[in-house]
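A.B. asks: In this note's numbering, the protein residues as written are 1 to 876.
Where a beta carbon is used, it is the ideal one built from N, C-alpha and C, also for glycine.
A single structure is presented below for examination.
Laid out in structure tokens, this is it:
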């Protein structure tokens, strides 16, 4: 490696967006694509003097002597990628983040906050986008090459970065310049991108934005029938309030949510709350110190929504809510804002028609499918008649305008007149009927295969990718099979009955507005197709879940993110498969799908903080599985026990794990038996029975060696090592831990291998081999910081604290304690053993530092970043 530039340098991070999906599509050709990607990027880095520090998989960490060189290299890298002929017409989409600072040089690497900031900037970007910090933009601005400029993206909160960060984007001639909002912790990154401008709501947007900005009202409920534009109005108001809520403006889609528990989890997910903050009490603590705005969309089916919102507003005085619903919440302080249809002309003059927001929306949507369309003196009366007939409802107008490609306004009036019978007793029921009949009219204009496909899309919650759509399209119940899904999707987009967005892997995702989905679901049931389509949907997502479960053994962070993306579809499939009104062979097959899916998603329940939801699904799975011994039932019991273990209920975990163990032995399933033993051993360990824990872990390890699952074997080795260390058997503990590390290195699981190495450093310190522990821990600092896992970071901070105590540096150890404690509070991740650990730690430092001095140093640490303190630990 070249000598590292010192002083002020510019740091560049890059990686491929959607690399896992790209791998699945390209198969063996992915290796060639990865090599080509590296060659293109290295050419750009080398041309501008970049020093490559780290390349892992599809990611780069490169350092440049100047901001100008780094920005020019980033621009040329994107140009080279765009020009490269990729296999099978694919696109390799690379996201790049650049920041200029003065990190410390240590042992052939850089450490410090500037490194973390550069990495966070890169992770906020999208494939094909270059995002740079304000200091980099300012330094490079004067020397930008022709065809490259910078665009101000505003201030953003990045994960684990305390202060707001001003970010800029490179705009490069010939390359895409418009991207979705940055993936930051804040408003912009959590609001959906609107394909068209909002028409006719400017007064409401201004009034509600002023009201919420002033904090006079903290709850606004937008009410109106389906299709009135409640969601669009809510998002438009939220967009005006980015600066007013520094901790973020978040859009939470709740149309497919039917319980308070899932509503809590959905809010936590969108707010990017840490895993342990995804239960109500922890989320309330997490939100209590934040100034944020939540857009809670589609609440009418959630009977407990008022209770959730009431608790949230009471616990978090600086949080405000915009809710959209067909009914009011009737909470104290609620501002009820009806959303009527768009304004219609008072008269039938051309000028009045042009000024009407309903007519403006019709023209805007008509031009999206027929760019030459315009409002003229010849057609305006027909357009006005259409808007009047549709009562000014935005969704009804959009659906009708989509047919301008095929029909004239006069033809539309005639067909609408034939289809809509609007003899209603009230304005409200009139609007409901108008909306329903408009969708019905659009549906009848589809061909039979398109109608069949449209109906089947109702089964998707939160949309689906093309693979999922193909799976349900293939479930034919007498309708013509759909051979080209993308063509049919294009037809439905043209008819404005579905929306298409870009998923995180760059692939299209197709979804429906909730009003249209409700209609499609009604049609699906009416056609007698619901059960078959739901089965096909559940079967597909079972395959997805089991594929992700395999992937997580080596790429658990990627698997977790993909599982989170499809969480609503998993919920839909689990809800159908685990319902209790199916009997017979068909019902048994249906239940098996749910049981297997629940097991496959166990890593999601545990790693993403969905413990309560996971417990709910396991309870339903256990009820549907019956009492006859089976591999699935024994496995369900073991993972059900594991959830209790993670929630700190060791007694219940012990009892359920024992049931699982008994059943696994009866049924003869050695792998489930080994898993149950591991959970049972951990329960013994936490209850203080070290001898029973050791014996149980030894038995589990022997079984895992026989069954051959290497990932579980590594976990069993770590469990037994921890038990041996507790008993003071450090030599045996070290031998077991090193075996676990070697196994995980072979598997390529960087996260788990780092965790085991940290355990090794901890037990070396406990064995008074302090210098060895210190050198190992220092070598782990860059990897721990790069993994950006709060759990890993805090556990590692605790290990480093114990090493510093044994090195005679109690003040620095106390600062680590304080920084870890503050990080736990920020992330709402309490340590149930904190008091016990504090007493043990104070006993270790007795005679080295007074309690008052320890507390003083802890307070200093609370004001520091744990990552910065760990970076300093590694630099010594």
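Hey, residue 221 and residue 360 are a contact pair by Cβ (cut 8 Å); roughly how many whole angstroms apart?
C.D. replies: With 8 Å as the limit, residue 221 and residue 360 do not qualify as a contact, their Cβ atoms being about 27 Å apart.
A.B. asks: Consult DSSP for residue 54 and reduce its assignment to one of helix, strand or coil.
C.D. replies: Residue 54: strand per DSSP, three-state reduction.
A.B. asks: What number of angstroms, rounded off, separates the C-alpha of residue 405 from the C-alpha of residue 263?
C.D. replies: Computed Cα separation, rounded: 41 Å.
A.B. asks: Please state whether the Cβ-Cβ distance between residue 641 and residue 653 is less than 8 Å.
C.D. replies: Yes, these two residues count as a Cβ contact at 8 Å.
A.B. asks: Hey, residue 364 and residue 196 are a contact pair by Cβ (cut 8 Å); roughly how many whole angstroms apart?
C.D. replies: Indeed, because the Cβ distance is near 6 Å, the residues count as touching under 8 Å.
A.B. asks: Which of helix, strand or coil does DSSP assign to residue 866?
C.D. replies: Three-state DSSP puts residue 866 in a helix.
A.B. asks: For residue 454, which residues from the same chain have a beta carbon less than 8 Å from its beta carbon, with the 5 sequence-adjacent residues on both sides left out?
C.D. replies: Same-chain partners within the cutoff: 443, 446, 492, 497, 498, 520 and 523.
A.B. asks: Going residue by residue through the segment 189-241, where are the continuous alpha helix (DSSP H) segments of at least 4 residues, counting only ones entirely within it?
C.D. replies: For the segment 189-241, whole alpha helix (DSSP H) runs of length 4 or above, ordered along the chain, are 202-214 and 230-239.
A.B. asks: What first and last residue would you give for the beta strand (DSSP E) that runs through residue 251?
C.D. replies: It spans 249-253 - the beta strand (DSSP E) in which residue 251 sits, taken as one unbroken run.
A.B. asks: Taking 7 Å as the cut-off, is the C-beta of residue 452 nearer than that to any heavy atom in the ligand FAD?
C.D. replies: The ligand FAD is absent from the structure shown, which contains no ligand whatsoever.
A.B. asks: According to DSSP, simplified to helix, strand and coil, what is residue 579?
C.D. replies: If DSSP states are grouped into helix, strand and coil, residue 579 belongs with coil.
A.B. asks: With distances taken from CA atoms, which of 461, 842, 815 and 845 is nearest residue 856?
C.D. replies: Ranking the options by Cα distance to residue 856, first place goes to 815.
A.B. asks: To the nearest angstrom, how far is the alpha carbon of residue 398 from that of residue 834?
C.D. replies: Using only the alpha carbons, I get a separation of about 57 Å.
A.B. asks: Excluding the 5 residues preceding and the 5 following residue 621 in the sequence, name in chain order all residues of the same chain whose CB lies nearer than 7 Å to its CB.
C.D. replies: So the list reads 578, 594, 595, 598 and 636, once near-sequence residues are dropped.
A.B. asks: Assuming contact is defined by CB atoms lying nearer than 8 Å, are residue 12 and residue 115 in contact in what I supplied?
C.D. replies: No, Cβ-Cβ distance for residue 12 and residue 115 is not below 8 Å.
A.B. asks: Use the C-beta contact count for residue 46: other C-beta atoms within 10 angstroms, 16 or more gives buried, fewer gives exposed.
C.D. replies: So residue 46 counts as exposed.
A.B. asks: Going by beta carbon distance, what residues of the same chain come within less than 8 Å of residue 121, once the five residues before and after it are set aside?
C.D. replies: 13, 97, 98, 99, 131, 132, 133, 158, 165 and 167, listed in sequence order.
A.B. asks: Could you tell me whether the segment 242-253 touches the segment 345-358, where touching means 3 or more Cβ pairs closer than 8 Å?
C.D. replies: No: the two stretches stay apart, fewer than three of their Cβ pairs being nearer than 8 Å.
A.B. asks: Please report the distance separating the alpha-carbon of residue 853 from that of residue 43.
C.D. replies: Computed Cα separation, rounded: 54 Å.
A.B. asks: Just to confirm, are residue 293 and residue 375 a CB contact at a threshold of 8 Å?
C.D. replies: Against a cut-off of 8 Å, the Cβ pair of residue 375 and residue 293 comes out as no contact.
A.B. asks: Count Cβ pairs between the segment 138-150 and the segment 102-119 that sit closer than 8 Å; are there 3 or more?
C.D. replies: Taking 8 Å as the limit for Cβ pairs, the verdict is that the segment 102-119 does not touch the segment 138-150.
A.B. asks: Within 10 Å of its beta-carbon, does residue 339 have 16 or more other beta-carbons around it, so buried, or fewer, so exposed?
C.D. replies: It counts as buried.
A.B. asks: Taking the alpha-carbon positions, what's the residue 286 to residue 272 distance?
C.D. replies: Looking at the two C-alpha atoms, the distance is approximately 11 Å.
A.B. asks: By Cβ distance, which residues of its chain are closer than 6 Å to residue 600, with the 5 residues on each side in sequence left out?
C.D. replies: Answer for residue 600: 545, 546 and 549, listed in chain order.
A.B. asks: Hey, out of 560, 70, 368 and 378, whose CA is closest to residue 400's CA?
C.D. replies: Looking at the Cα atoms, 368 is the closest of the given residues.
A.B. asks: By Cβ distance, which residues of its chain are closer than 7 Å to residue 538, with the 5 residues on each side in sequence left out?
C.D. replies: 573, 576, 577 and 593, listed in sequence order.
A.B. asks: How far does the beta strand (DSSP E) with residue 97 in it reach, from first residue to last?
C.D. replies: Counting along the chain, the beta strand (DSSP E) containing residue 97 begins and ends at 94-101.
A.B. asks: Considering only C-alpha positions, which residue in the set 694, 441 and 451 is nearest to residue 677?
C.D. replies: Comparing Cα-Cα distances from residue 677 to each of 694, 441 and 451, the minimum goes to 694.
A.B. asks: Which class does residue 339 belong to by DSSP, given the choice of helix, strand or coil?
C.D. replies: Coil at residue 339, not helix or strand.
A.B. asks: With DSSP as the reference, please indicate the residues paired to residue 509 in a beta bridge.
C.D. replies: Note: residue 509 sits in a beta bridge opposite 465 and 501.
A.B. asks: May I ask which residues mark the beginning and end of the alpha helix (DSSP H) holding residue 292?
C.D. replies: Looking at the DSSP string, residue 292 is not in any alpha helix (DSSP H); the run it does join, the beta strand (DSSP E), is 292-297.
A.B. asks: Any idea which residues DSSP pairs residue 133 with across the strands?
C.D. replies: In the DSSP output, where bridge partners are listed per residue, residue 133 has 167.
A.B. asks: When the Cα of residue 507 is compared with those of 810, 126, 74 and 34, which residue comes out closest?
C.D. replies: The shortest C-alpha separation from residue 507 is found at 126.
A.B. asks: Pick from 437, 840, 817 and 796: whose alpha carbon is nearest that of residue 774?
C.D. replies: Of 437, 840, 817 and 796, the residue nearest in Cα terms is 796.
A.B. asks: What does DSSP give as the partner residues of residue 15 in its beta bridges?
C.D. replies: DSSP, once it has assigned bridges, lists 95 as partnering residue 15.
A.B. asks: Taking DSSP's pairing of strands, which residues face residue 154 in a bridge?
C.D. replies: Looking at the DSSP assignment, residue 154 forms a beta bridge with 167.
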